[in-house]
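Heads up, the thing below is written out as structure tokens.
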Amino acid sequence: MQVIILKDSDDVANGAAQRIAELLAKKPNAVLGLATGSTPIALYQRLIAMYRAGEVSFRDAVTFNLDEYLGIAPDNRQSYRSFMNEQLFKHIDIDLANTYLPECSQENNPRRVGAAYERRIADAGGIDLQILGIGANGHIGFNEPGSSLGSRTRVKTLTERTVIDNSRMFDAKEFQPRLAITMGIATILEARHILLLAMGEHKATAVHKMTEGPVTAMCPASALQMHRNTALILDEAAASKLEELDYYRWTHLQNEPLVSQYGHFHDL
Ligand code: PGA
Numbered sequence: 387m388q389v390i391i392l393k394d395s396d397d398v399a400n401g402a403a404q405r406i407a408e409l410l411a412k413k414p415n416a417v418l419g420l421a422t423g424s425t426p427i428a429l430y431q432r433l434i435a436m437y438r439a440g441e442v443s444f445r446d447a448v449t450f451n452l453d454e455y456l457g458i459a460p461d462n463r464q465s466y467r468s469f470m471n472e473q474l475f476k477h478i479d480i481d482l483a484n485t486y487l488p489e490c491s492q493e494n495n496p497r498r499v500g501a502a503y504e505r506r507i508a509d510a511g512g513i514d515l516q517i518l519g520i521g522a523n524g525h526i527g528f529n530e531p532g533s534s535l536g537s538r539t540r541v542k543t544l545t546e547r548t549v550i551d552n553s554r555m556f557d558a559k560e561f562q563p564r565l566a567i568t569m570g571i572a573t574i575l576e577a578r579h580i581l582l583l584a585m586g587e588h589k590a591t592a593v594h595k596m597t598e599g600p601v602t603a604m605c606p607a608s609a610l611q612m613h614r615n616t617a618l619i620l621d622e623a624a625a626s627k628l629e630e631l632d633y634y635r636w637t638h639l640q641n642e643p644l645v646s647q648y649g650h651f652h653d654l
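Sequential numbering of the sequence shown, starting at 387, is according to our numbering.
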């Protein structure tokens, strides 16, 4: 894993947005894996600003989101479809027909959605760059601790911790789903490039475990240690519990000349 430590959350959002713009400049029909939650909001705002400034276009891009709640309709304001429309899609030039989430309508069997979603990703040529956040419990997507490292897109039950963490988004009387359909860990690991963003001290323990702890289903993000092309972009607070901070900073400095000469996506 490449660990990049930047000053604050604005720098993290900028760094991630630059990479996405670089990818789309190189491959306009790139397949992006997208995430919801608090983490990517500043990134999406940055991308919208860059789009308005003519610095990036999503016209031919295809997107696959990590997860979607089960039991609420896409037009419910709490669905991840609504989140993506509001936070990103309606502000950029993407064709909505090229934006996918693992949605399950009421008449469909949720257990069938996963395999269909996987086929759709494969038909699109696979994900070029997957954006991830990390839960305070180490989850990626809704792959909660204990998720199989070989898991594929499927129905998952959220942990109490995740339900509590996400309750800030729901009004008291609003239905908050306990089930979701999420890409599996093996699905995520098939992305050609992965960019995980983490900001804030409340993520520092999970970041430490993911990066420097053992690979274990109890910290699903630790599976990224097995991926050959993962970069973590962290702010100082999220990086504060890492033991090898000096080494990561040193490595980043050494790599900069190569990156400026050849870019991040020389294999695409
Ligand atoms: P957050 O969630 O971005 O809202 O902190 C991240 C996650 O749960 O993956």
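Think of the CB as a built atom: it goes at the ideal place given N, C-alpha and C, for glycine as much as any other residue.
C-beta atoms of residue i and residue j nearer than 9 Å
i, j, result
"isoleucine 571", "leucine 535", "yes"
"proline 606", "serine 533", "yes"
"valine 593", "alanine 625", "yes"
"lysine 412", "glycine 524", "no"
"isoleucine 513", "histidine 477", "no"
"methionine 569", "glycine 527", "yes"
"leucine 429", "leucine 518", "no"
"threonine 422", "asparagine 451", "yes"
"threonine 573", "isoleucine 507", "yes"
Distance, residue j Cα to residue i Cα
i, j, result
"isoleucine 580", "asparagine 552", "24 Å"
"phenylalanine 444", "glutamate 598", "35 Å"
"valine 601", "arginine 554", "30 Å"
"glycine 440", "alanine 603", "42 Å"
"leucine 392", "tryptophan 636", "13 Å"
"proline 643", "valine 398", "20 Å"
"isoleucine 550", "alanine 577", "29 Å"
"leucine 410", "arginine 498", "32 Å"
"lysine 627", "serine 424", "21 Å"
"glycine 649", "glutamate 408", "8 Å"
"tyrosine 503", "glutamate 472", "23 Å"
"cysteine 490", "alanine 623", "37 Å"
"serine 468", "asparagine 415", "23 Å"
"alanine 609", "alanine 459", "32 Å"
"arginine 438", "histidine 652", "27 Å"
"aspartate 509", "glycine 419", "14 Å"
"glutamate 629", "leucine 456", "39 Å"
Exposed unless 16 or more other CB atoms sit within 10 angstroms - verdict on residue i
i, result
"threonine 543", "exposed"
"arginine 432", "buried"
"phenylalanine 556", "exposed"
"proline 426", "buried"
"lysine 589", "buried"
"alanine 447", "buried"
"methionine 612", "exposed"
"glutamine 492", "exposed"
"serine 465", "buried"
"serine 646", "exposed"
"asparagine 529", "buried"
"glycine 511", "exposed"
Residue i CB to nearest heavy atom of ligand 3 below 8 Å
i, result
"leucine 639", "This structure lacks ligand 3; its bound ligands are ligand 1."
* To do: Take every Cβ of the stretch 556-569, pair it with every Cβ of the stretch 389-407, and state whether three or more of those distances are shorter than 8 Å.
  => no
* To do: Would you be able to state if there are at least three C-beta pairs under 8 Å between the stretch 388-396 and the stretch 610-626?
  => yes
* Chain-ordered list of residues that sit, by beta carbon, closer than 5 Å to a heavy atom of ligand 1 -> Gly423, Ser424, Thr425, Gly519, Gly521
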